[in-house]
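S.K.: One structure is given below, represented as structure tokens, and several questions about it will come after.
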Amino acid sequence: LRMVSAQTQQNEQLSDEELRPASLDDFIGQPRLKEQMRLFLTAAQKRGVPPDHILLAGPPGLGKTTLAMIVANELGVPVRITSGPAIQHAGDLASILSSLDEGEVLFIDEIHRLPRAAEEMMYIAMEDFRVDVMVGKGPGASSIPLTLPRFTVVGATTREGMLPSPLRARFGFTAHLDYYPDDELRKLIHRSASVLEVSITEEAAAQLASRSRGTPRIANRLLRRVRDWGVVHDLDVIDEDAVQAALDLYQIDSQGLDRLDIAVLNAVCRQFNGGPVGLSNLAAMVGEEAETVETVCEPYLVREGFLIRTPRGRVATQKAWKHLGIVPPDDVNSLF
Ligand code: ADP
């Protein structure tokens, strides 16, 4: 289903870069979070010390990486970028830590996926600014404590619940990013359109915003597809018809649900009779990883009232049946 080639993924990362705001002022929406962040960073700067560690939590595409880069920019310090899955051994982490400069920002994406030993190394590094480097192997091995300069970890996670509490406790500030309301996405689309030098009408931007699943990354991606449409059809200005036509072509429906979302709803309703169905069965039915279904699709489907999570599994709502245009069978497991 959502099979993106390495090439597409890489292109997407490059295009994420191009549209990334560089300062808090340019970061759209999330007003409370911005205010908290500004206070937190300004205080650290006035005190002349690197700020406490920062945890950014929320679904993919809402601006966690962007905020991490902004933190470094606002502080005027360099940033080192890594991720939980990229660190396979504690030694990988030790060598990153021991090469950090004073004040540097260490961005760890998907921090919930750090291996156990690295996680434990982080406890000491974050709290005491120390790392124990192992020298040698076997019975003759010894550990040499190394003092680290003060630095700031910015961790990002799509699964805050999976972070062990000792790790979570070492962050002085946790920001929860939430889906963006349509009016903020509209602003974001106008901003991106001007970076990409695309003209778009108010109505078209609003239409695009309402179909972007509350997610900046998706808004930017759809804007590019709509731009393609405009280029091919020699349009000077993107209007509502162009948005409609392009999104129909890419199978983004009126509620912004994409093929995977629809596949999930179809599976719950048709194969599992409305639920309840467990995550792993559901993921297997749509041919996706459980983590993708859980972190990418579900939060949005739940938030928009298509799915309900119950202790026994996921259950489709009336809204889901209606959206799929099917009448629930009489024996449907009903919560309503
Ligand atoms: P995450 O790390 O949470 O998956 P990113 O920070 O990579 O998300 O954001 C995805 C894309 O959306 C980037 O191109 C980024 O520039 C854009 N974006 C995210 N949040 C905002 C925002 N608040 N204002 C402007 N652009 C944003």
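Just so you know, we're using the working numbering here: the sequence shown kicks off at -18 and counts up by one.
Note that beta-carbon positions come from the ideal geometry of N, C-alpha and C, so glycine has one too.
Do you know whose CA, among A24, D82, P41, I62, lies nearest E55's CA?
M.R.: A24
S.K.: Can you determine whether any heavy atom of ligand 1 sits closer than 7 Å to the C-beta of A174, and answer yes or no?
M.R.: no
S.K.: Grab the span of the alpha helix (DSSP H) containing F21 for me, first residue to last.
M.R.: 12 to 28
S.K.: Please list the segments of the beta strand (DSSP E) lying wholly inside the region 103 to 190, counting only runs of 3 or more residues, in order along the chain.
M.R.: 111 to 116, 123 to 128, 133 to 138, 154 to 157
S.K.: By Cβ distance below 7 Å, which residues in the same chain neighbour V58 in space, the five residues on each side in sequence not counted?
M.R.: G84, E85, V86
S.K.: Would C250 be called buried (16 or more neighbouring beta carbons within 10 Å of its own) or exposed?
M.R.: Label assigned to C250: buried.
S.K.: Can the beta-carbon of F152 be found less than 8 Å from the beta-carbon of L36?
M.R.: yes
S.K.: Measure the beta-carbon distance from T139 to T276 and round it to whole angstroms, keeping in mind my assumption that it falls under 8 Å.
M.R.: Contact holds; Cβ gap of about 4 Å.
S.K.: Beta-carbon separation of S191 and I199 under 8 Å?
M.R.: No. Outside cutoff.
S.K.: Thinking C-beta only, is A75 closer than 8 Å to V114?
M.R.: yes
S.K.: Any idea if P162 is buried or exposed, counting beta-carbon neighbours within 10 angstroms, 16 or more meaning buried?
M.R.: By the neighbour-count rule (16 or more Cβ atoms within 10 Å), P162 is not buried but exposed.
S.K.: Closer than 7 Å to a non-hydrogen atom of ligand 1 - does that hold for the CB of I9?
M.R.: yes
S.K.: Bridge partners for D215 per DSSP, in chain order?
M.R.: BP columns for D215 are empty, so no partner.
S.K.: At a threshold of 7 Å, does G44 count as lining ligand 1 (C-beta to nearest heavy atom)?
M.R.: yes
S.K.: Going straight from the alpha carbon of G237 to that of A271, what length do you get?
M.R.: 21 Å
S.K.: Assuming G10 and E184 form a contact by the criterion Cβ under 8 Å, report the distance between their Cβ atoms to the nearest whole angstrom.
M.R.: Contact flag wrong, Cβ pair sits at about 21 Å.
S.K.: Please state the DSSP three-state secondary structure of S80.
M.R.: coil
S.K.: What's the call for I89, buried or exposed, on a 16-neighbour Cβ count within 10 Å?
M.R.: buried
S.K.: In the DSSP assignment, the alpha helix (DSSP H) including D320 goes from what residue to what residue?
M.R.: Residue 320 falls outside the range modelled here, since the chain spans only -18 to 317, and no answer is possible.
S.K.: Quick check: does the Cβ of D6 come within less than 7 Å of any heavy atom belonging to ligand 1?
M.R.: no
S.K.: Can you give the beta carbon distance from M143 to H214, rounded, assuming they're within the 8 Å contact cut?
M.R.: Their Cβ separation, rounded to whole angstroms, is 46 Å, which puts M143 and H214 out of contact at 8 Å.
S.K.: Please list, in chain order, all residues of the same chain as A187 whose beta carbon is under 8 Å from its beta carbon, the five residues on each side excluded.
M.R.: D163, R167
S.K.: Inspect the beta-carbon positions of I219 and V176 and report whether they are closer than 8 Å.
M.R.: no
S.K.: T273 by DSSP, collapsed to three states: which one?
M.R.: helix
S.K.: Measuring only from the beta carbon, is R140 closer than 7 Å to any heavy atom that is part of ligand 1?
M.R.: No - ligand 1 has no heavy atom lying nearer than 7 Å to the Cβ of R140.
S.K.: Could you tell me which residues DSSP pairs with A38 in its beta bridges?
M.R.: T138, H157
S.K.: What did DSSP end up calling S261 once you bin it into helix, strand or coil?
M.R.: helix
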